[in-house]
Each structure stands twice: as structure tokens, then as C-alpha cells.
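Chemist: Just add 14 to the spot in the sequence shown (first one is 1) and you have our numbering. Yeah, the Cβ is synthetic: ideal placement off N, Cα and C, and Gly gets one too. The structure presented is a predicted model; accordingly, all values stated were derived computationally and were not measured.
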Amino acid sequence: MTERKPTGVSFESWVDRQVSAAAARGEFDDLPGAGKPLPKTNGKDTALAWVVNKVRAEGHDVSALLPPSLAIAKELDDLPDTLAKVRREARVREIVEDLNERIRAEHRRPAGGPVLRARPLDVEETVASWREGLSPDS
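1. Where does TRP64 land, buried or exposed, given buried means 16+ other C-beta within 10 angstroms?
2. On the criterion of 16 or more Cβ atoms from any shown chain inside 10 Å, does ARG66 qualify as buried, or is it exposed?
3. Counting only runs of 4+ residues fully inside the region 27-77, write out the alpha helix (DSSP H) ranges in chain order.
4. Going by the beta-carbon positions, is the gap between PRO128 and LEU84 smaller than 7 Å?
5. Give the DSSP-derived three-state secondary structure of GLY126 in the structure shown.
6. What's the gap between the Cα of LEU148 and the Cα of LEU113?
7. Please report the distance separating the alpha-carbon of THR96 from that of THR140.
8. Spatial neighbours of VAL69 within its chain, please: C-beta separation below 6 Å, excluding the five flanking residues on both sides.
9. On the three-state DSSP scale, how would you describe THR21?
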């Protein structure tokens, strides 16, 4: 852990000193991508586009970067595939109830982005659909 910023020292110069000391100790040597140029931009790239591309390149799900209303809508679209992988009814109920609670929470929030137009799911109806999708040998 680094020491606390001394009183009377500007934050910028204190950070600069920390970075210089770390570089002198070799803590930035052999980092992935060291010595390689940054990818070219097309002039329309934003910082967010760079983040999305980086997250994708590292194999992570970019839905975490979406506003909650869009992330929930995407989750609703993906729900049939998600539930098809589940083998226990209790887990299906858990997933649907959790999703419903997040839908309700999003409806309670003041609109700060796209409006979530989805309503909570009927748990019994969703479980019945899940049962119909089970193969006889499951």
C-alpha cells in the first residue's frame, strides 16, 4: 500500500512521484502490449467504444456496460436460452424472481436513460413454459 499524500503536496505531483518511483522499480516492465502502438481509431471512436472493444477482446460480457433498462431487456430476450440450461425448478423460480425484482426496482427509479417497457414475468407461466421445453430424458 502506498503512503498517504503529504499535506501541502498537490495531488498531481504526488501521483507523478508515485508513478516515477514505480517505473524506476521496474513495475511497468513486461506489461501486456508493452512497446506496441495503440490501435488506430477511425475518428468516430469514443472512450466507451474503446472500453467495449477491450472488454470483448478479453472475452467478457459487455452487457454489464449497458444502462440497467437495456441490460434487463437483453436478459429478457436471452431468458429462454438461460432457462433451457437449468435442470431444477427451484433454480428457474429463483432466476425469474430475481429478474422480476430487478424489473420492479428499475420501474421505481427515476428515468435516467431508456425506459424499461417490460413488466415482471408471471413466475408460474414461466415455469410451465420451462417444463414444456424439458426433454423426456432430463
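Modeler: Concretely, from the data shown:
1. Within the sequence shown, numbered from 1, the residue matching residue 64 stands at position 50. By the 10 Å Cβ count, TRP64 comes out exposed.
2. The count along the sequence shown starts at 1 and reaches residue 66 at position 52. Rather than Arg, the amino acid found at residue 66 in this sequence is Val. So VAL66 counts as exposed.
3. 61-71
4. The count along the sequence shown starts at 1 and reaches residue 128 at position 114. The count along the sequence shown starts at 1 and reaches residue 84 at position 70. Against a cut-off of 7 Å, the Cβ pair of LEU84 and PRO128 comes out as a contact.
5. If you number the sequence shown from 1, residue 126 lands on position 112. Of the three classes helix, strand and coil, the one that applies to GLY126 here is coil, per DSSP.
6. Here residue 148 is taken as the residue at index 134 of the sequence shown, counted from 1. Here residue 113 is taken as the residue at index 99 of the sequence shown, counted from 1. Roughly 21 Å separates the two Cα atoms.
7. Counted from its first residue, the sequence shown places residue 96 at position 82. Counted from its first residue, the sequence shown places residue 140 at position 126. Roughly 12 Å separates the two Cα atoms.
8. Locating residue 69 in the sequence shown gives position 55, counting from the first residue. Closer than 6 Å at Cβ, skipping near neighbours: VAL76.
9. For the purposes of this step, residue 21 is identified with residue 7 of the sequence shown, where counting begins at 1. The answer is coil: DSSP assigns THR21 none of H, G, I, E or B.
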